[in-house]
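The structure appears right after this line, and notes come after that.
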Ligand SMILES: [Zn+2]
Ligand SMILES: [Zn+2]
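In our numbering, the protein residues as written are 21 to 157.
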């Protein structure tokens, strides 16, 4: 059962989420800043089988996370919108970029990670757990 739909800016990539995300995490790391062009990324942790690509071509950039392990950043090959990331230390999980959802109402971050890289003007959300680095670090 589809619970949410999303896609890239140009509309060629479309996907459905079949389950509610396990959690919603804001990431302030430098790589998310570079990849998104914003000051942080907002990621839905979705099980692999809960993500269903409907159409479009994704390209993959193999990044190296702070852990030193590869992370795979998937983006639309036409417009460049980041769609999801797979991290080596989160097997079976897609980190779906919240900004690509058609409607993200009702999704509030539970955690903020890499807070030491947060923009100096950023005020942590009042009800999030804030991690200086990654939760496992
Ligand atoms: Zn696109
Ligand atoms: Zn990040």
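We treat Cβ as the ideally placed atom computed from N, Cα and C, and that holds for glycine.
Is there at least one non-hydrogen atom of ligand 4 closer than 7 Å to the beta-carbon of residue 101?
Ligand 4 is absent from the structure shown, which contains only ligand 1 and ligand 2.
Can you find the residues in the same chain that come closer than 7 Å, C-beta to C-beta, to residue 50, ignoring five residues on each side of it along the sequence?
As a first step, residue 50 must be located in the chain shown, where it is residue number 30. Hits under 7 Å: 137.
Residue 68 - DSSP class collapsed to helix/strand/coil:
Here the question's residue 68 lines up with position 48 in the chain shown. The answer is helix: DSSP assigns residue 68 an H, G or I state.
Exposure label - residue 112; buried when at least 16 CB within 10 Å:
Your numbering for residue 112 matches position 92 in the chain shown. Answer is exposed; the Cβ neighbour count stays below 16.
Where are the beta strand (DSSP E) runs, 3 residues long or more, that stay fully inside the region 119-153, in chain order?
Counting only runs of 3 or more, we get 131-133.
Environment of ligand 2 in chain order, Cβ to heavy atom below 5 Å
The answer, residue by residue, is 47, 49, 52.
So, with DSSP's three-state summary, where would you put residue 73?
Position 53 of the chain shown, counting from 1, holds the residue named residue 73. The three-state secondary structure of residue 73, taken from DSSP, is strand.
Starting from the C-beta of residue 30, find all residues in its chain whose C-beta is less than 6 Å away, skip the five residues before and the five after it, and write them out in chain order.
Taking the first residue of the chain shown as position 1, residue 30 is located at position 10. Excluding sequence neighbours, residue 30 sits near 98, 99.
Taking 7 Å as the cut-off, does the CB of residue 150 come closer than this to any heavy atom belonging to ligand 1?
Taking the first residue of the chain shown as position 1, residue 150 is located at position 130. Checking the Cβ of residue 150 against ligand 1 gives no.
Examine the Cβ distances between the region 66-73 and the region 126-137 and report whether three or more of them are shorter than 8 Å.
no
Pick from 93, 37, 88: whose alpha carbon is nearest that of residue 79?
Start at 1 with the first residue of the chain shown, and residue 79 comes out as number 59. Cα-wise, what sits closest to residue 79 is 93.
Who does residue 27 pair with in a DSSP beta bridge?
As a first step, residue 27 is located in the chain shown; it is residue number 7 there, counting from the start. Partner(s): 34.
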